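Comments concern the structure below.
In the working numbering, the protein residues as written are 29 to 341.
Structural data, given as structure tokens:
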């Protein structure tokens, strides 16, 4: 049985793929590639994996084919994406990008737990990533596309003739000159519209279009959309570092707060239905927990620095 291909060899094959698919490539590049291919049997095995991808997909994803004028970071992202696909073929054999076990690792932009990021996009649009989020940005001459792999984004689109689409695992959101929030969960995607309008399309039934106007929200899974409800007060406040709640159940508040805090944060069932209102700075979750006892009959027990439990006082 042949030894498994090592990571440097697969990365070299991915690098050659991106280089040869850059435009324009030249004969010197092809000659150097042939020399690399002949230098070691492992190189030929790695390239055979590239060809396996090509035969099953007809071609690899378009965004790994870059102009030679593209920046170093863009080329490096293309290499990493190709490397991820090669690793997938060698392991699970899953070829669809949505089935890769590590799409967030290869994402163009991502945030860690408790981190937020603001981006100015090439078209003038503005985008905020919330905690623990990952996106790919794929703009071309015909389309402005954001792939949301995980987490939550707030988008304010710029005027442009190209459609602006946010793709999530459950479907897509088309902006109609707007400011909106998309939050990707395990089974559903939530959308809140703060200005103008958007259209929601479930993945399996893209003809089932639901329009949301300013002040409306809904969610969708792969098959259908939900009923439309009003946007809650404080939606999008996280982009300013705030969590605003009005008459929330304590259990729901703790669940939301846990998104911004590494480790485990739990709420005891006995106090789950206590109600809470207020505006809280999410960059300092320790202070939020310490101050809970001032407004509610609760106490916070820290098992470790990264394990806290909110319990009855």
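Here a beta-carbon is modelled for each residue, glycine too, at the ideal position from N, C-alpha and C. Quick caveat: nothing in here was measured; it's all calculated off a predicted structure.
Short CB-CB distance (under 9 Å) between residue 55 and chain D: Among the chains in the structure shown there is no chain D, since it carries only a single protein chain.
For residue 107 and residue 39, believed in contact at Cβ under 8 Å, the rounded distance: Residue numbering aside, residue 39 sits at position 11 when the chain shown is read from its first letter. Residue numbering aside, residue 107 sits at position 79 when the chain shown is read from its first letter. At roughly 7 Å, the Cβ-Cβ gap stays under 8 Å, so residue 39 and residue 107 are in contact.
For residue 157 and residue 149, believed in contact at Cβ under 8 Å, the rounded distance: Here residue 149 refers to the residue found at position 121 of the chain shown. Here residue 157 refers to the residue found at position 129 of the chain shown. In fact, because the Cβ distance is near 12 Å, the residues do not count as touching under 8 Å.
Residue 97 (DSSP reduced to helix, strand or coil): Locating residue 97 in the chain shown gives position 69, counting from the first residue. A caution first: residue 97 carries a pLDDT of 41, below 50, which makes its placement in the model too unreliable to give a value.
Nearest-angstrom Cα separation, counted from residue 288 out to residue 331: By 1-based counting over the chain shown, the position of residue 331 is 303. By 1-based counting over the chain shown, the position of residue 288 is 260. If you take the alpha carbons of residue 331 and residue 288, they lie about 18 Å apart.
Proximity of residue 232 and residue 251 at Cβ, strictly below 9 Å: To locate residue 232, count along the chain shown from 1; it is residue 204. To locate residue 251, count along the chain shown from 1; it is residue 223. For residue 232 and residue 251, yes; Cβs fall inside 9 Å.
Candidates 339, 320 and 260, of which the one nearest residue 294 by Cα: What you label residue 294 is simply residue 266 of the chain shown in a count that begins at 1. The residue with the shortest Cα to Cα distance from residue 294 is 339.
Whole-angstrom C-beta distance between residue 212 and residue 178, which should lie under 8 Å: As a first step, residue 178 must be located in the chain shown, where it is residue number 150. As a first step, residue 212 must be located in the chain shown, where it is residue number 184. Right, their Cβ atoms sit about 6 Å apart.
Cα-Cα separation, residue 6 to residue 44: Given that the chain is displayed from residue 29 to residue 341, the structure contains no residue 6 and the question cannot be resolved.
Beta-bridge pairing of residue 247 - partner residues as DSSP gives them: Counting from one through the chain shown, the residue named residue 247 turns up at place 219. Answer by DSSP bridge pairing, in chain order: 218.
Rounded separation between residue 304 and residue 215 - CA only: As a working mapping, residue 304 is identified with position 276 in the chain shown. As a working mapping, residue 215 is identified with position 187 in the chain shown. Within the model, the alpha-carbon separation for residue 304 versus residue 215 is close to 27 Å.
Element boundaries [alpha helix (DSSP H), containing residue 313]: For this step, residue 313 is matched to residue 285 along the chain shown. It spans 313 to 323 - the alpha helix (DSSP H) in which residue 313 sits, taken as one unbroken run.
Residue from 60, 41 and 59 with nearest C-alpha to residue 72: Translated into the one-based positions of the chain shown, residue 72 becomes position 44. Checked all of 60, 41 and 59; the closest Cα to residue 72 is 41.
Rounded distance between the beta-carbons of residue 257 and residue 230, thought under 8 Å: Within the chain shown, residue 230 is the residue found at index 202, counting from 1. Within the chain shown, residue 257 is the residue found at index 229, counting from 1. In fact, because the Cβ distance is near 18 Å, the residues do not count as touching under 8 Å.
Burial state of residue 187, where buried means 16 or more other Cβ atoms lie within 10 Å: By 1-based counting over the chain shown, the position of residue 187 is 159. Taking a 10 Å sphere around the C-beta of residue 187, we find fewer than 16 other C-beta atoms and assign the residue as exposed.
Bridge partner(s) assigned by DSSP for residue 146: Here the question's residue 146 lines up with position 118 in the chain shown. Note: residue 146 sits in a beta bridge opposite 156.
Pick from 307, 267 and 175 that is closest to residue 275, judged by C-alpha positions: Here the question's residue 275 lines up with position 247 in the chain shown. That would be 307, whose Cα lies nearest to the Cα of residue 275.
Rounded C-alpha distance that separates residue 333 from residue 244: As a position in the chain shown, residue 333 is number 305, starting the count at 1. As a position in the chain shown, residue 244 is number 216, starting the count at 1. Residue 333 and residue 244: Cα-Cα distance of roughly 39 Å.
Three-state class that DSSP yields for residue 195 in the structure shown: As a first step, residue 195 is located in the chain shown; it is residue number 167 there, counting from the start. Residue 195 falls in the strand class under three-state DSSP.
Residues bridged to residue 164 [DSSP beta-bridge criterion]: As a position in the chain shown, residue 164 is number 136, starting the count at 1. Answer by DSSP bridge pairing, in chain order: 175.
Helix, strand or coil at residue 236 [DSSP, three-state]: In the chain shown, counting from the first residue as 1, residue 236 sits at position 208. Residue 236 falls in the coil class under three-state DSSP.
Per-residue DSSP class, three states only, for residue 56: Counting from one through the chain shown, the residue named residue 56 turns up at place 28. Residue 56: helix per DSSP, three-state reduction.
Helix, strand or coil at residue 337 according to DSSP, with G and I counted as helix: By one-based count along the chain shown, residue 337 stands at place 309. In the structure shown, residue 337 sits in a strand (DSSP, three-state: E or B).
Selection from 268, 341 and 312 that minimises the alpha carbon distance to residue 323: For this step, residue 323 is matched to residue 295 along the chain shown. Comparing Cα positions, the closest option is 341.
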